[in-house]
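S.K.:
In the numbering used here, the protein residues as written are 1 to 112.
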């Protein structure tokens, strides 16, 4: 069995926390306000219930979001961003700007 090497720069840990097709979108939506599961599903067309559940659970385990269960009938669950998750938005915003810049560069290169 191969021993896992520590991530000395932290980049791999950050990518693992936001790695997943829907995690950055979830992080963005939840920084605006808390949402219920069905609301998140409507906000992200194309995500399956199974994948949404998996990614929400992973983000909760990583401390990025919190899940609050209300003692009501019918049951109500709300997801909200944690301070740790909110701090990740700064990095995601910078990566988003870089991605837009890179797409522009690629399209200019292809046009030339």
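Glycine residues also receive a C-beta, built at the ideal position from the N, C-alpha and C atoms.
Given the structure is predicted, the values throughout are model-derived calculations rather than measurements.
Taking the alpha-carbon positions, what's the residue 1 to residue 109 distance?
M.R.: Within the chain shown, the letter at position 1 stands for residue 1. Within the chain shown, the letter at position 109 stands for residue 109. For residue 1, the pLDDT reaches just 48, beneath the cut-off of 50, and the residue's location in the model is therefore unreliable, although a value from the coordinates is still provided. Using only the alpha carbons, I get a separation of about 44 Å.
S.K.: Tell me, please, which residues DSSP counts as bridged to residue 78.
M.R.: Taking the chain shown and counting its residues from 1, one reaches residue 78 at position 78. Paired residue(s): 36 and 68.
S.K.: DSSP three-state label for residue 99, please.
M.R.: Counted from its first residue, the chain shown places residue 99 at position 99. Looking at residue 99 - three-state DSSP - the assignment turns out to be helix.
S.K.: Can the beta-carbon of residue 46 be found less than 9 Å from the beta-carbon of residue 65?
M.R.: The count along the chain shown starts at 1 and reaches residue 46 at position 46. The count along the chain shown starts at 1 and reaches residue 65 at position 65. Not a contact, by the Cβ cut-off of 9 Å.
S.K.: How is residue 107 classed by DSSP in three states: helix, strand or coil?
M.R.: Position 107 of the chain shown, counting from 1, holds the residue named residue 107. Correct three-state label for residue 107: helix.
S.K.: In the DSSP assignment, find the unbroken alpha helix (DSSP H) run with residue 51 in it and report its ends.
M.R.: For this step, residue 51 is matched to residue 51 along the chain shown. Residue 51 -> alpha helix (DSSP H) spans 49-61.
S.K.: Measure the C-alpha to C-alpha separation of residue 32 and residue 8 and round it to an integer number of angstroms.
M.R.: As a working note, residue 32 is residue 32 in the chain shown. As a working note, residue 8 is residue 8 in the chain shown. Near 32 Å, if we compare the C-alpha coordinates of residue 8 and residue 32.
S.K.: Roughly how many angstroms separate the alpha carbons of residue 54 and residue 100, rounded to a whole number?
M.R.: Within the chain shown, the letter at position 54 stands for residue 54. Within the chain shown, the letter at position 100 stands for residue 100. If you take the alpha carbons of residue 54 and residue 100, they lie about 28 Å apart.
S.K.: For residue 112, does the three-state DSSP call read helix, strand or coil?
M.R.: Sequence index remark: in the chain shown, residue 112 carries index 112 (1-based). Note: residue 112 maps to coil in three-state DSSP.
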